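Asker: Residue numbers (my numbering), protein chains in the order written: chain A, 861 to 1172; chain H, 81 to 330.
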Ligand SMILES: Cc1cc2nc3c(=O)[nH]c(=O)nc-3n(C[C@H](O)[C@H](O)[C@H](O)COP(=O)(O)OP(=O)(O)OC[C@H]3O[C@@H](n4cnc5c(N)ncnc54)[C@H](O)[C@@H]3O)c2cc1C
Ligand SMILES: Nc1ncnc2c1ncn2[C@@H]1O[C@H](COP(=O)(O)O)[C@@H](O)[C@H]1O
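Given below as structure tokens:
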């Protein structure tokens, strides 16, 4: 049995679905139940209860501070390094929070983290992707302490269990004058979150404009799907950066992925090729996306999408 | 303000890599190598900072084998002023690279470090945040906009749900995301001129302890991911819908 801490994330009210997968991964590292750390701003302490219901969580450690409304790596890494001394491993779900904080924490602990873990082979041996997932490396962590970021798409979500205790822990943000949060620019959406949606429909350069994404969104609404995009569609300004699927965007593995007007570059495939069923709609029958598609439709998307919307 | 830019030499992003049959890694013989695309973006941003007068001198740094001099020459051709190779012949993890960069940052008395957000070979995305942690500096990772005013930086970072805007004091480490800029190509005259710019070669083992260069993750085996079974082409949207119903995803 190994002591493992999961670094949780939440939306202000409940833990993010990716945390459920991280708990599953952490439990197989620990060989037993794990602790879950949640950071809350004053007034937001109720997230603790949502973490406590996760099966396999032995206790929630809830840290409260005004700075945690917008946590910054500069102030968070030093107290986290202290807390990490109680544990043999720290596990966080892949996401911008972990990508920002875990490497800085790792530097303070003198550890090389294992990032984007796809499988826990043994408590010290992991599978991770290289070259946009075109190669897989089995790596053994030789140090005493392990830091892992795990892909939510690669692990089952933990179920609901008996309520674990929620204990408060002091995690005083380091005094610093380096950096200050100024603003978030987020676009509100009622659609499911991209990385955990069951169905994703993505548009590429073939969409031609942001305005045209409305045709795709109409299909998404019928399917209850999240909307994604290729890098080319984001670079062209059709949609904003949080929609990008791929090696350097988000990794998704829904039951159904529909790629519309996307050619299928390796960097895009890296973000979606583990989807259960892949559909490609493209008017170029030679497009490489057809090589990974279970069902390919060679058709003008401006014809196919409205027709699809009608049939659903 | 002196700026250090970290550049890495990797298999070109558009090459389809092949895993070696012996499980020891990927094929590198006769494979096209290039500057990591995110490092190209970091170099471009540094050159822009110099053009705007915000930066005084740009030092390109690469850690790795002798061949990395080629990558450094590219950085010089685009506008960096001098180059440093921290030579090391076996693989370096981000932790080791950050330790080397830290020593060079102190030696060069740089105030800003620009790196890529991720190397596209091992996809770590660690080095910038690690270096910022080691130096105790401000950190701006995955930035898509940088403004410098009154000795401080305003950056926009690409995060999971959109953009996060931060105000950072100098000194700082920034890592570049895709939308920060569009890198320029080196012109032929500038490639020629780059040949006479200074390039220093140091042994990485003279900069940090030998133990700090050793990998902490032992690579046991590199394999190819399982291939996807071949799919089918469907004739119409209604046939597509039928198939998806049969596959129980609709
Ligand atoms: C470092 C790096 C990181 C990258 N990261 C990512 C990433 O994370 N995600 C990502 O997606 N890309 C990424 N890329 C970019 C990637 O290499 C491709 O350039 C990109 O995926 C192409 O996007 P696209 O398929 O939309 O555009 P294109 O390649 O231009 O393809 C457009 C497709 O639309 C089809 N089309 C056009 N009109 C129609 C129509 N009317 N009806 C039907 N089909 C039509 C065309 O036949 C074509 O196949 C990265 C590249 C680099 C170098
Ligand atoms: N060997 C290296 N030499 C110089 N810079 C590097 C090296 N490795 C990584 N970097 C820098 O760190 C960034 C992120 O790399 P990584 O953490 O490996 O994903 C790269 O884009 C480079 O700017």
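A virtual CB, placed ideally from N, CA and C, is assigned to each residue, including glycine. From a predicted model like this one, the values you see are computed outputs, not experimental measurements.
1. Considering residue 283 of chain H, what are the terminal residues of the beta strand (DSSP E) in which it resides?
2. In or out: residue 278 of chain H buried (at least 16 other Cβ within 10 Å) or exposed?
3. Cβ of residue 117 of chain H versus every heavy atom of ligand 1: is any distance shorter than 6 Å?
4. Tell me whether residue 211 of chain H sits in a helix, a strand or coil according to DSSP, three-state version.
5. Among the candidates A/999, A/1050, A/1075 and A/1128, whose CA atom is the shortest distance from the CA of residue 94 of chain H?
6. Would residue 948 of chain A count as contacting chain H if we go by Cβ distances under 7 Å?
7. Taking a contact to mean a Cβ-Cβ separation below 7 Å, would you say residue 1132 of chain A touches residue 1163 of chain A in this structure?
8. At a CB distance below 8 Å, what residues from the region 260-286 of chain H approach chain A? Give them in sequence order.
9. Relative to the alpha-carbon of residue 1179 of chain A, which residue among H/103, H/329, H/326 and H/317 has its alpha-carbon at the smallest distance?
10. Let me check you understand the geometry: is the CB of residue 206 of chain H closer than 6 Å to at least one non-hydrogen atom of ligand 2?
11. With a threshold of 7 Å on Cβ separation, who are the neighbours of residue 1096 of chain A within its own chain once the five nearest residues in sequence on each side are excluded?
12. In chain order, what residues of the region 291-302 of chain H put their CB closer than 7 Å to some CB of chain A?
13. Between which two residues does the alpha helix (DSSP H) carrying residue 1075 of chain A extend?
14. Run the proximity test for residue 1127 of chain A: is its beta-carbon closer than 6 Å to any non-hydrogen atom belonging to ligand 2?
15. Indicate, with yes or no, if ligand 1 has a heavy atom lying under 6 Å from the CB of residue 1006 of chain A.
16. For residue 198 of chain H, which residues in the same chain have their Cβ closer than 6 Å to its Cβ, ignoring the five residues on either side in sequence?
17. Kindly examine ligand 2 and report whether one of its heavy atoms sits closer than 6 Å to the Cβ of residue 985 of chain A.
18. To the nearest whole angstrom, what separates the beta carbons of residue 191 of chain H and residue 82 of chain H, a pair I think is in contact under 8 Å?
19. How should residue 281 of chain H be labelled, buried or exposed, when 16 other C-beta atoms within 10 angstroms of its C-beta is the threshold for buried?
20. With a threshold of 6 Å, establish whether the CB of residue 1151 of chain A neighbours any heavy atom of ligand 1.
21. Taking contact to mean 3 or more Cβ pairs, one atom from each stretch, closer than 8 Å, check whether the region 251-261 of chain H and the region 119-127 of chain H are in contact.
22. Is residue 99 of chain H a contact residue of ligand 2, with contact defined as CB to any heavy atom under 6 Å?
23. Measuring from the CB of residue 177 of chain H, is there a heavy atom of ligand 2 at a distance below 6 Å?
24. Would the region 998-1008 of chain A and the region 234-249 of chain H be scored as touching if the rule is three or more Cβ pairs under 8 Å?
25. Short of 8 Å Cβ to Cβ, which residues in the region 992-1014 of chain A face chain H?
26. Using 8 Å as the cut-off, can you tell me whether the region 950-963 of chain A makes contact with the region 876-884 of chain A, which would need three or more C-beta pairs spanning the two stretches below that distance?
27. Count the CB pairs spanning the region 262-275 of chain H and the region 220-228 of chain H that are closer than 8 Å, and state whether there are at least three.
28. Could you give the distance in angstroms between the alpha-carbon of residue 150 of chain H and the alpha-carbon of residue 220 of chain H?
29. Check the C-beta distance from residue 937 of chain A over to residue 964 of chain A and give it rounded, since I have them as a contact under 8 Å.
30. Taking the Cβ atom as the reference point for each residue, do residue 913 of chain A and residue 1080 of chain A lie within a distance shorter than 7 Å?
31. Quick check: is any heavy atom of ligand 1 less than 6 Å from the C-beta of residue 154 of chain H?
32. Within the present structure, is the beta-carbon of residue 1110 of chain A separated from the nearest heavy atom of ligand 2 by less than 6 Å?
33. Let me see if you follow: with CB-CB separation under 7 Å, is residue 248 of chain H close to chain A or not?
34. Which residues in the same chain have their Cβ closer than 6 Å to the Cβ of residue 844 of chain A, if we skip the five residues on either side of it in sequence?
35. In chain H, which residues lie with their C-beta within 8 Å of the C-beta of residue 964 of chain A?
36. Between residue 1167 of chain A and residue 1094 of chain A, what straight-line distance do the alpha-carbon atoms span, to the nearest angstrom?
Answerer: According to the structure shown:
1. 279-283
2. exposed
3. yes
4. helix
5. A/1128
6. no
7. no
8. none
9. With chain A covering only 861 through 1172, there is no way to say anything about residue 1179 of chain A.
10. yes
11. 1065
12. 296, 297, 298, 299, 300, 301 and 302
13. 1073-1083
14. no
15. no
16. 118 and 205
17. no
18. 6 Å
19. exposed
20. no
21. yes
22. no
23. yes
24. no
25. 992, 993, 994, 995, 996, 997, 998, 999, 1000, 1001, 1002 and 1003
26. yes
27. no
28. 28 Å
29. 4 Å
30. no
31. no
32. no
33. yes
34. Nothing can be reported for residue 844 of chain A: it is not among the residues displayed for chain A, which extend from 861 to 1172.
35. 209, 210, 212, 213 and 219
36. 25 Å
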